[in-house]
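Student: Take a look at the following structure, please.
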Ligand code: KIV
Ligand code: ZN
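Residue numbers (full-length UniProt numbering): 1 to 520.
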């Protein structure tokens, strides 16, 4: 294996992923995810879009200061103030990178109303400016896959001449297909003077479900950086999933002899944490990290796997940090056993955290005979999402339901003060949510209410996800409990707690709305 076959992994979970509606993360969550990515040995972390808000700036800046291994990259439109702000945020990183971009396709050129020459001039000015600030500059022609080839070659050449060190070719709308993705990279490498002095990157969206295939095809044609997100998080159908490209290169190294430096055993832990903090559940049959990805239900498959695991398994669960032996714990399991189980599942917890999780574990084990790995994951995630010091806390809930009507008696702590109400509704969940609204009146609209059973059996825990929107601010909440109604109320209240934080971050007149991606 030569260095020429090294593929750099550029993770944009905290920028393109976080940009997807509802996936907003708190400052502390962004720092935690960045640290996990750094420990996983992601080569480049795109930490955010510093000009977008004070919050984005602070997150990028703190991530830049904390990173040990990864290059820390910030995004900037093709405007001098954006680039300056980006540099300000990343300059303390051991290895900073400025990523500047502009939409080059006819459709995207029309929005800032720039003709080809005017846009070329803008690229020249902004890339030069970025390079004067930072040695490591990435430039992207947004919507490259729908840009005329001659014009694409012209602007890529300008960016290289002005000092860009990485040229990223985004398939912004997930429009390309594998052969075309490869041809585009090959064409640029053949035609653009100076192409062999830079790294070409591929940045694919998954609108047609081809993001992974398109990224791998680009690598075969000479791209050496893949831009991706954990769980494929991202706008619309998402971005290329990190776990898919990394594991594809590892499992099929015989036909794709390219290397990444990713510690794949960290994949599962990151997948769970990103799902938790973004509020986006991972689809059960999602490649690599889905709950069913290593399950063998059908008799013929189970029989084969028992005789020789390789009959139906092309990779080992342990390779992605998944514990193969899902050994149940019970109410007699002690604190040491819980700690070791948590470590196996990829969670490093401090003593205080362990104390809190242990109390929750004991309460669960009292209600549920066997506590499986998935139960423990749900429990840890619930503990992280619903801490004891939130503004709104659920203290007591009593629900009456059945053919004679539904009502809820709810006691909550609001900013340290106890409040109790009685409410009715169309069903027990509606009655509970009405009770929450009586205690904490708000205008947020519920966009999503989803319930999943964590394990089998009628005593299984339910994980509940809710998403709500208020004046452009989208927030999510999640909770798990063997009592589905209680989990629903906790998830709803969790989302409201996030909304309170978002209101404070963004003010009344909602600069919560997304910053325009266009340079004017
Ligand atoms: O999809 C895209 O074009 C982007 C750019 C900002 C690189 O995310
Ligand atoms: Zn993108």
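We put the beta carbon where it would ideally sit given N, CA and C, even for glycine.
Quick one: what does DSSP say residue 278 is sitting in, helix, strand or coil?
Tutor: Residue state, collapsed to three classes: helix.
Student: Using a Cβ-Cβ cutoff of less than 6 Å, which residues in the same chain neighbour residue 12 once the five nearest sequence positions on both sides are dropped?
Tutor: Contacts found: 46, 227, 229.
Student: Ignoring anything shorter than 4 residues, give me the alpha helix (DSSP H) runs that lie fully in the segment 345-417, in order along the chain.
Tutor: Correct list: 351-367, 373-385.
Student: According to DSSP, is residue 6 part of a helix, a strand, or is it coil?
Tutor: Residue 6 falls in the strand class under three-state DSSP.
Student: Would you identify the three-state DSSP class for residue 99, choosing helix, strand or coil?
Tutor: Looking at residue 99 - three-state DSSP - the assignment turns out to be strand.
Student: Please report the Cβ distance between residue 40 and residue 277, rounded to the nearest whole angstrom; I am assuming they are in contact, meaning their Cβ atoms lie under 8 Å.
Tutor: Not really, about 16 Å apart at Cβ, beyond 8 Å.
Student: So for residue 86, helix, strand or coil by DSSP?
Tutor: The answer is helix: DSSP assigns residue 86 an H, G or I state.
Student: Is residue 203 near the ligand ZN, in the sense that its beta carbon is under 7 Å from a heavy atom of that ligand?
Tutor: Flag set: Cβ of residue 203 near the ligand ZN.
Student: Given 8 Å as the limit, is there contact between the segment 366-381 and the segment 409-420, that is, 3 or more CB pairs closer than that?
Tutor: No, they do not touch.
Student: Comparing C-alpha positions only, which one of 178, 463, 289 sits nearest to residue 219?
Tutor: Among 178, 463, 289, the Cα nearest to that of residue 219 belongs to 178.
Student: Closer than 7 Å by C-beta to residue 114: which residues in its own chain qualify, once you throw out the five before and the five after it? Chain order, please.
Tutor: Taken in chain order, the residues that qualify are 122.
Student: Closer than 8 Å is the cut-off here; do at least three beta carbon pairs connect the segment 199-210 with the segment 164-178?
Tutor: Result yes; three or more Cβ-Cβ pairs closer than 8 Å.
Student: Nearest to residue 192 by alpha carbon, out of 480, 150, 360, 498?
Tutor: Comparing Cα positions, the closest option is 150.
Student: Distance check for residue 4 and residue 134, CA to CA, integer angstroms please.
Tutor: Residue 134 and residue 4: Cα-Cα distance of roughly 25 Å.
Student: I'd like the span of the beta strand (DSSP E) that includes residue 151, first residue to last.
Tutor: It is not in any beta strand (DSSP E) - residue 151 instead sits in the alpha helix (DSSP H) that spans 149-161.
Student: Going by DSSP in three states, residue 127 sits in which element: helix, strand or coil?
Tutor: If DSSP states are grouped into helix, strand and coil, residue 127 belongs with the helices.
Student: With a threshold of 7 Å (Cβ to nearest heavy atom), would residue 16 be considered close to the ligand KIV?
Tutor: Answer for residue 16: yes, Cβ within range of the ligand KIV.
Student: For residue 83, which option in 104, 429, 286, 125 has the closest C-alpha, if you only look at C-alpha atoms?
Tutor: Looking at the Cα atoms, 125 is the closest of the given residues.
Student: List the residues that DSSP assigns as beta-bridge partners of residue 521.
Tutor: In this structure the chain extends from 1 to 520, so residue 521 is not present and cannot be described.
Student: Run the proximity test for residue 142: is its beta-carbon closer than 7 Å to any non-hydrogen atom belonging to the ligand KIV?
Tutor: Answer for residue 142: yes, Cβ within range of the ligand KIV.
Student: Where does residue 332 fall in DSSP's three states?
Tutor: Residue state, collapsed to three classes: coil.
Student: At which residues does the beta strand (DSSP E) containing residue 77 begin and terminate?
Tutor: Residue 77 -> beta strand (DSSP E) spans 71-77.
Student: Beta-carbon within less than 7 Å of residue 366's beta-carbon, same chain only, minus the 5 sequence neighbours each way: which residues are those?
Tutor: If we look at residue 366 and ignore the five residues flanking it on each side, its Cβ neighbours are 331.
Student: Mark residue 252 as exposed unless 16 or more other C-beta atoms lie within 10 angstroms of its C-beta, in which case mark it buried.
Tutor: Under this definition residue 252 is an exposed residue.
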